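S.K.:
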Amino acid sequence: MALSEEKVSQLKEITKKMRIDIIKTLYKVQTGHPGGSLSAVEIMTTLYFGHMRVDCTTPGCPDRDRFIASKGHCAPVVYTTLACKGYFPAEELANLRQLDCMLQGHPDMKRIPGVDLSTGSLGLGLSVGVGLASAAKLDKKDYNTYVLLGDGELQEGQNWEAFMAGSKYKLNNLIAIVDYNGVQLDGTVDDVMPLGNLRKKFEAFDWHVIECDGHDLVALDKAFEMAKQETGMPSVIIAKTVKGKGVSFMEGKNTWHGKAIGKQEYETAIAELGGCVQ
């Protein structure tokens, strides 16, 4: 079913709030990863507010959909999403990366409600996703497992073993999403280690491939719906995004992979996002 204009408007307001909250949080704590968090905002919004079967009042429900942020350094977008969804108070975001706080630099499944896997070491998430999707099949459960991957992360060889396993076991309940912003820590993905034609690669591994604009809520909604309807193989959504989306001086810049935000930069970013400096 296509998104109504009212629903699209609601989701756009959520993405606006999430971007502002991410910038405010990272400015306050002077640490964290803005670029790849901002690029994944629409992906996370569409998932959590449109497709995933989750409930913040029962975060450990065995029938819930699972989500793995394999690009775990982009924890700010994960935490902001969970706060918006009601898993913990939004005030907790101000404690990001502080000693003895719940929200560390990478997601911790033992301390944070709503986190299904502790991540940070790139390349591991999809392998665990294969395991969770396989467990659902064995247990005759109908939950889906979603895995968010960075494009630079695909340079890790373990991902491709997981892609092989996903197709071998026909895990149609496994949906991978590539945040394809084209930029990683040390430069562009093409300069560091080109990925070539991802569609052809994934098709060669017998995955159902869907390409879309990763900042278009309607396109993302259609992509997730198509993936959920696939019955014979796992799906991968190549979501074309912009690193640092929404903040002009961050967009497409590898320097904003994990850089602290200065006062003037903070004020400019908040103004561009339509927020208020506090």
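Those letters in the sequence shown? Residues -17 to 260, by our numbering. C-beta: ideal position from N, C-alpha, C; glycine also. Because the structure is a prediction, the values reported are computed rather than measured.
Rank Asp161, Lys204, Gly111 by C-alpha distance to the C-alpha of Asp133 and give the top, closest one.
M.R.: Comparing Cα positions, the closest option is Asp161.
S.K.: Expressed to the nearest angstrom, what Euclidean distance is found between the alpha-carbon atoms of Lys67 and His15?
M.R.: Each residue's Cα considered, the two are about 21 Å apart.
S.K.: Helix, strand or coil for Leu131? Go by DSSP, reduced to three states.
M.R.: In the structure shown, Leu131 sits in a strand (DSSP, three-state: E or B).
S.K.: Quick one: measure Cβ to Cβ for Gly164 and Thr170, integer angstroms, because I've assumed they're closer than 8 Å.
M.R.: That pair is a contact at about 6 Å.
S.K.: Where does the unbroken alpha helix (DSSP H) through Cys66 begin, and where does it stop?
M.R.: 57 to 67 is the span of the alpha helix (DSSP H), which, as asked, contains Cys66.
S.K.: Which two residues bound the contiguous beta strand (DSSP E) that contains Glu193?
M.R.: That run of the beta strand (DSSP E) goes 190 to 195.
S.K.: Look up Gln246 in the DSSP assignment and say whether it is helix, strand or coil.
M.R.: In the structure shown, Gln246 sits in a helix (DSSP, three-state: H, G or I).
S.K.: Measuring only the C-alpha atoms, how far is Ala118 from Asn154?
M.R.: The straight-line gap from Cα to Cα measures roughly 11 Å.
S.K.: Would you kindly report the start and end of the unbroken alpha helix (DSSP H) that includes Ser149?
M.R.: Here the alpha helix (DSSP H) through Ser149 covers 140 to 150.
S.K.: Going by beta carbon distance, what residues of the same chain come within less than 6 Å of Asp82, once the five residues before and after it are set aside?
M.R.: Nothing listed; no residue qualifies.
S.K.: Just to check my reading of the structure: Phe206 and Ser149 have Cβ atoms closer than 8 Å, yes? What is that Cβ distance to the nearest angstrom?
M.R.: In fact, because the Cβ distance is near 20 Å, the residues do not count as touching under 8 Å.
S.K.: Which residues does DSSP pair with Lys222 in a beta bridge?
M.R.: Answer is Tyr162, Asp195, bridged to Lys222.
S.K.: Considering Cα atoms alone, identify which of Ser217, Lys123, Glu(-13), His190 is closest to Asp45.
M.R.: With distances taken between Cα atoms, Asp45 lies closest to Lys123.
S.K.: Closer than 6 Å by C-beta to Asn236: which residues in its own chain qualify, once you throw out the five before and the five after it? Chain order, please.
M.R.: Excluding residues within five positions, the ones whose Cβ falls inside 6 Å are Val165, Gly169.
S.K.: Could you tell me whether the segment 9 to 24 touches the segment 193 to 200, where touching means 3 or more Cβ pairs closer than 8 Å?
M.R.: Yes: the two stretches touch, three or more of their Cβ pairs being nearer than 8 Å.
S.K.: Could you pull the start and end residues of the beta strand (DSSP E) that Ala51 belongs to?
M.R.: Segment 48 to 51, the beta strand (DSSP E) holding Ala51.
S.K.: If Tyr125 sits next to Arg35, beta carbons under 8 Å apart, how far is it from one beta carbon to the other, in whole angstroms?
M.R.: About 7 Å; that satisfies the 8 Å criterion.
S.K.: According to DSSP, Ile157 sits in a beta bridge with which residue or residues?
M.R.: Note: Ile157 sits in a beta bridge opposite Tyr128, Ser217.
S.K.: Spatial neighbours of Ile252 within its chain, please: C-beta separation below 8 Å, excluding the five flanking residues on both sides.
M.R.: For Ile252, where only same-chain residues beyond five positions count, the Cβ hits under 8 Å are Ile2, Ile5, Lys6, Cys258, Val259.
S.K.: Looking only at DSSP bridge pairs, what is Thr170 linked to?
M.R.: Looking at the DSSP assignment, Thr170 forms a beta bridge with Val165.
S.K.: Rounded to a whole number of angstroms, what is the C-alpha to C-alpha distance between His241 and Glu185?
M.R.: The question names His, yet the displayed sequence has Lys at residue 241. Rounded to whole angstroms, Lys241 to Glu185 spans 36 Å at the Cα level.
S.K.: I need the straight-line Cα distance from Leu108 to Pro41, nearest angstrom please.
M.R.: Leu108 and Pro41: Cα-Cα distance of roughly 21 Å.
S.K.: Can you check which of these residues, Ile192, Ile94, Ile159, is closest to Leu29 by C-alpha distance?
M.R.: Checked all of Ile192, Ile94, Ile159; the closest Cα to Leu29 is Ile159.
S.K.: Less than 8 Å separating the beta-carbons of Pro95 and Val60?
M.R.: Not a contact, by the Cβ cut-off of 8 Å.
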